[in-house]
Each structure stands twice: as structure tokens, then as C-alpha cells.
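Engineer: Okay, handing you the structure first.
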Amino acid sequence: MKIVKKQSIAIIGGGASGIFASLRCAEVAKTEKINVDIHVFEGSSKLLKKVRISGGGRCNVTHHIFEVNDFCLNYPRGRKELLSPFQNFQASDTVDWFEKRGVELKYESDGRMFPVTDDSETIIDCFMQEANKHGIKLLNKMNVKSLKKLDNGKISLFINEDESFIADSVLIATGSMPGGYRLAQNLGHSTTEIAPSLFTFKIEDEILKDLSGTSFPQASLSLKIDGAKPFEQSGPLLITHWGLSGPALLKLSAWAAREMMHTNYKAKLIVNWLGIGHQNDAEKLLSTIKRDNTKTSVGNAYPNDLTKRFWLQLLIKCSISKEKNWSEISKKELNLILNNLFNCELNVLGKSRFKEEFVECGGINLKEINFKTMESKICPGLYFSGEVMDIDGITGGFNFQSAWTSGWIAGNHMAQTKSKD
Ligand SMILES: Cc1cc2nc3c(=O)[nH]c(=O)nc-3n(C[C@H](O)[C@H](O)[C@H](O)COP(=O)(O)OP(=O)(O)OC[C@H]3O[C@@H](n4cnc5c(N)ncnc54)[C@H](O)[C@@H]3O)c2cc1C
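Just so we're aligned, residue 10 is where the sequence shown starts under this note's numbering, counting upward by one.
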């Protein structure tokens, strides 16, 4: 009688990347007629927790950029390493993957892609149906505590207090949980410095006073941190009750995540509220307003793209009375307005976590991973995918895309690893 050997595959972490990897692995195994037994070990009582709450419950699945080089520009860490994985599975493949399974995605004007239902449960239902179809074993409350490489090449997983499991290949897809880093360290891996990414800035300045909710569609930001080159970002900006937020600021926080942590979140932020490219253009704009409004009070004639409330606050900061006529505004006062409009210097005092979406930067050292397979260069049979690696994207669907892509590649290769029996 011929004994059919089963390839035992263990995936640690039932989040975005682990589940996607398990589905790809099962699909490849089916197509290639490889006999696999796939277990997903999830430490908590719920699978796909972050997918459920992501994008404010709508799940920002990916971003509508289908050119791989451009897509990679949105990763402060991992940009170079993701190039080859994205050539195999990129945002357009994500769209096709979901479409083939009956889930249509749409994109919004800023490029973010969501299911047309605007409901993250659509994504979860799709994954659960696929997992059932393939007979993947999804196990909750299975916290993997440590890993050991065995002499026969297999890997042993120690789970909860007294359970264990032996697998031919193991994927660590534990997101940013410290326990996941320890599992990789058990098998010889190193991690880079962990720091929060995607946070808002705490700023106390006269110009922001009582303006919570005021937004600027196209501001330009420059962040100056001691000992680092300035970080630049432009886009929508929002005043909050503790300082500044909005897409441009969150992205800036991702680029400067480590440097900001090193200075305990103290830095100088230069804001160009209108995002005007050259100082000359800003000067011209103010001179035109002054020329055309000689008989109007300075509080009643201001750049179209600003709210009156913000303009009045800017005048308070410049100690200029809003009752003064434009004709009375001196050259010095005009320069003061110009500076606060075009080059407004604010002291960053700390960070506040953005409650909707945040990620950690840092994780498994990328030099220790083969990005063609996602396999460890240190421990054969061990794979990585998702946020556990030192990869993070800016806000907009980039973090999920790297989770899908790395999971897809790991799943591909794990299915094809030879059984060690
Ligand atoms: C509130 C919020 C909203 C977000 N919204 C978006 C968005 O709209 N778009 C986007 O692109 N990104 C978003 N992100 C980021 C995105 O969710 C993550 O980048 C992504 O989930 C990473 O996938 P992952 O599989 O690597 O990790 P996770 O999804 O975090 O999954 C890891 C899983 O591993 C489990 N685990 C950890 N350690 C162990 C262990 N030892 N044993 C067993 N199981 C373990 C955890 O319980 C968890 O279920 C959001 C993040 C948050 C927090």
C-alpha cells in the first residue's frame, strides 16, 4: 500500500497575513496536487480582529496604484525589499483575487480601496468561506509560546501551557505582538528597533487655539529633528483639540517614526497652510489682497482657501488688530502674516496615537529573509509575512497590501516545501 505523506504547515497568527497565506497555500497545493494539512494557530479568541476594525469598519483593503515602483514609494521601511514580491502579487492582483471570489472593490478620490459594501465583514466572510472550502484548520486560543528546530528539519511549536505541534514548515504572521518577535529570536533571528508609526502631533500654539476641526486640503509640512535631514510631506491637514492630524501629518509621522522616538517626540514643524510652492507666490497673493482691499478691514479680506476663523487666529498670533484697514498694514506686518502663512514654525511637544489606524515600525531584520519565497535565511522551513517584519506603509491601504503580498508568496512556497518524513 502506498502511504501518502502529508505536508504539515503551521501558520502562527490568524490575522490579515496569516489567513491570506493559508488560503494561497491551500490553493497551490490543490492545483499542484500536493497533500497538505494547514493549521492556523491564533492566540486570541477572534480571527482577523484588525481587519474587522480597519478603515473605521470599512477595511481599506489596498491602494489604487497599479504601478509597482510607485506603490513601493509609500513604504518608509521595506520599499526596496517589496519590489520583487509586488512584481508577483500587487494591488491589481488583490482586486482580481477578491473579484474572482465575488467581492467587488471600489476606490475613492484619494486612491484608498474598499469593498463596495463599505463593510469589513465582507472581507472576513470571503476569507472564512474560502478557508472552509479548503478545509483549513482555524484554531483560536492557541498562543504559540516558543519554537524549536528539530534534528529532522521539522519545527516544533509549543502552545499554551502544555500543547505542542510538529510542522514541516512554519509561518510567523504575528503582526506587531512582542511574542511573535520572541518566536523568531528562538530560531536565531534579530529584530530592528520597534517604534510606533502613524501618530498625531501634540502642539500648543496660539494659531491653533479653539480651531479643532479646521482642515487644509493641501498643506505642505517640513519636520525638523535634531541630527536628521528634514522630512517633507504635503496633503490634507487637520487641526485637532490637541494639535495636528490628517493624512499629511500621519504620513510625516511614518517617515520620521524612529527619529521622533529618539527625540522623545520633540521637533519643529514648519507649516505652509496653503501649500503654496514659492514664497514669491505667497507674497504676490498677500500684496494683491492688500491692493484690492484698501478700504476693507484686514479681518474681512483674506485668502479664499482659508477659513475666517483661522485667519482671525493668525492675526491674533501676529498681534494685528482685525479692525485695521489693509491700507494701514505695514511692510513688517505683511511679512509677519507671510511668515505665519507660508513658514509657520510650531513646536511639537509629543505624540498622540491616531486611534483609527496605527502600525508599529520595526520587526524582523529584512536582511534575514529571502523575499522571493519569504523563507528565513537562517532557519530553513521558517517563513515570515505581514507586520512582524521590519516593513510598514503610510496610511491608505499599504499595510494590508504588504500583508496580502507577503502572505501570498509565503503560501506559494510553503505548499511546495518537501515533507520531512
Ligand atoms: C485600528 C486599526 C485600523 C487599521 N486600518 C487599516 C486599513 O484600513 N488599511 C491598512 O492597510 N491597514 C490598516 N491597519 C494596519 C493593518 O491592520 C495591519 O498592518 C495588518 O493587520 C497586519 O497584518 P498581520 O497579519 O501582519 O498582523 P495582524 O493582523 O495584527 O495579525 C496578527 C495575529 O497574530 C496573532 N498572534 C500574535 N502572536 C501570536 C502568538 N504567539 N500565537 C498565536 N497567535 C498570535 C494576533 O492575535 C493577531 O490575530 C489598521 C490597524 C489598526 C490597529
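All residues carry an ideal CB built from backbone N, CA and C; glycine is no exception.
Near Y311, which residues of its chain fall below 8 Å by C-beta distance, leaving aside the five closest residues on each side in sequence?
Structural biologist: I298, K317 and W320
Engineer: Whole angstroms are fine: how far does the CA of D127 sit from the CA of E113?
Structural biologist: 10 Å
Engineer: How about E90: is its Cβ closer than 7 Å to a heavy atom in ligand 1?
Structural biologist: no
Engineer: In chain order, what residues of the same chain lie with their CB nearer than 7 Å to the CB of K333, ignoring the 5 residues before and after it?
Structural biologist: S306 and V307
Engineer: If you reduce the DSSP assignment to three classes, tell me which class C370 lands in.
Structural biologist: strand
Engineer: When the Cα atoms are used, what is the spatial distance from K115 to V60?
Structural biologist: 17 Å
Engineer: Is V368 near ligand 1, going by C-beta to nearest heavy atom under 7 Å?
Structural biologist: Relative to the non-hydrogen atoms of ligand 1, the Cβ of V368 comes within a distance shorter than 7 Å of at least one.
Engineer: Taking the continuous beta strand (DSSP E) assigned at N309, which residues delimit it?
Structural biologist: Note, N309: premise wrong, no beta strand (DSSP E); not H, not E.
Engineer: Which term fits L295, buried or exposed, when burial requires 16 or more other beta carbons within 10 angstroms of its beta carbon?
Structural biologist: Counting the other CB atoms within 10 Å of its CB gives L295 a total of 16 or more, which places it among the buried residues.
Engineer: From this set, K260, A38, A19 and N152, which residue's C-alpha is nearest I403's C-alpha?
Structural biologist: Comparing Cα positions, the closest option is K260.
Engineer: May I have the straight-line CA-CA distance separating T103 from N78, to the nearest angstrom?
Structural biologist: 17 Å
Engineer: Report yes or no: do three or more beta-carbon pairs, one from the segment 31 to 39 and one from the segment 81 to 97, lie closer than 8 Å?
Structural biologist: No, they do not touch.
Engineer: Give, in chain order, every unbroken run of the alpha helix (DSSP H) that is at least 4 residues long and sits entirely within the segment 163 to 232.
Structural biologist: 187 to 195
Engineer: Going by the beta-carbon positions, is the gap between L22 and G244 smaller than 8 Å?
Structural biologist: At residue 22 the sequence reads Gly, which differs from the Leu that was named. One thing to note: G22 has its Cβ no nearer than 8 Å to the Cβ of G244.
Engineer: So for H287, helix, strand or coil by DSSP?
Structural biologist: coil
Engineer: Check whether the Cβ atoms of N161 and E51 sit closer than 8 Å, and answer yes or no.
Structural biologist: no
Engineer: In this structure, how does DSSP classify V473 when only helix, strand and coil are distinguished?
Structural biologist: Because the chain spans 10 through 430 in this model, residue 473 falls outside it and cannot be assessed.
Engineer: Do you know how far the Cα of S118 is from the Cα of N195?
Structural biologist: 45 Å
Engineer: Taking the beta strand (DSSP E) that S31 belongs to, which residues open and close that run?
Structural biologist: Element bounds for S31: not the beta strand (DSSP E) but the alpha helix (DSSP H), A25 to T40.
Engineer: Please confirm whether L230 and Q322 have their CB atoms less than 8 Å apart.
Structural biologist: no
Engineer: With C-beta atoms as the reference, is I168 less than 8 Å away from K146?
Structural biologist: The Cβ atoms of I168 and K146 lie no closer than 8 Å to each other.
Engineer: Closer than 7 Å: is that where the CB of E511 sits relative to any heavy atom of ligand 1?
Structural biologist: Nothing can be reported for residue 511, as the shown portion of the chain is limited to 10 through 430.
Engineer: Using the C-alpha atoms, what's the distance from Q16 back to N44?
Structural biologist: 6 Å
Engineer: Where do the ends of the beta strand (DSSP E) carrying C135 lie?
Structural biologist: Unbroken run through C135 is the alpha helix (DSSP H), S129 to H143; no beta strand (DSSP E).
Engineer: Buried or exposed: which applies to E396, given that a residue is buried once 16 or more other Cβ atoms fall within 10 Å of its Cβ?
Structural biologist: Buried, since its Cβ has 16 or more Cβ neighbours within 10 Å.
Engineer: Under the DSSP definition of a beta bridge, which residues are partnered with H48?
Structural biologist: Among the bridge pairs identified by DSSP, H48 is matched with A19 and K146.
Engineer: For E241, write down the residues that DSSP places opposite it in a beta bridge.
Structural biologist: S231
Engineer: Please list the terminal residues of the continuous alpha helix (DSSP H) segment that includes A424.
Structural biologist: In the DSSP assignment, A424 falls within the unbroken alpha helix (DSSP H) covering F407 to Q425.
Engineer: What residue from K326, A412, N141 and E337 has the CA that sits closest to V368's CA?
Structural biologist: A412
Engineer: Using a threshold of 7 Å, is the CB atom of L192 nearer than that to any non-hydrogen atom of ligand 1?
Structural biologist: yes
Engineer: Would I62 be called buried (16 or more neighbouring beta carbons within 10 Å of its own) or exposed?
Structural biologist: exposed
Engineer: Could you tell me if V70 is buried or exposed, where buried requires 16 or more neighbouring beta carbons within 10 angstroms of its beta carbon?
Structural biologist: buried
Engineer: Give me the residue from F80, K326 and M270 with the minimum Cα distance to I203.
Structural biologist: M270
Engineer: Taking A419 as the reference, give the member of G24, A25, C34 and K14 with the closest Cα.
Structural biologist: C34
Engineer: Straight-line CA distance for N348 to I234?
Structural biologist: Cα atoms of N348 and I234: separation of roughly 20 Å, rounded to the nearest angstrom.
Engineer: Pull up the CB-CB distance for F107 and C68, whole angstroms please, since I reckon it's below 8 Å.
Structural biologist: Contact doesn't hold; Cβ gap of about 11 Å is too wide.
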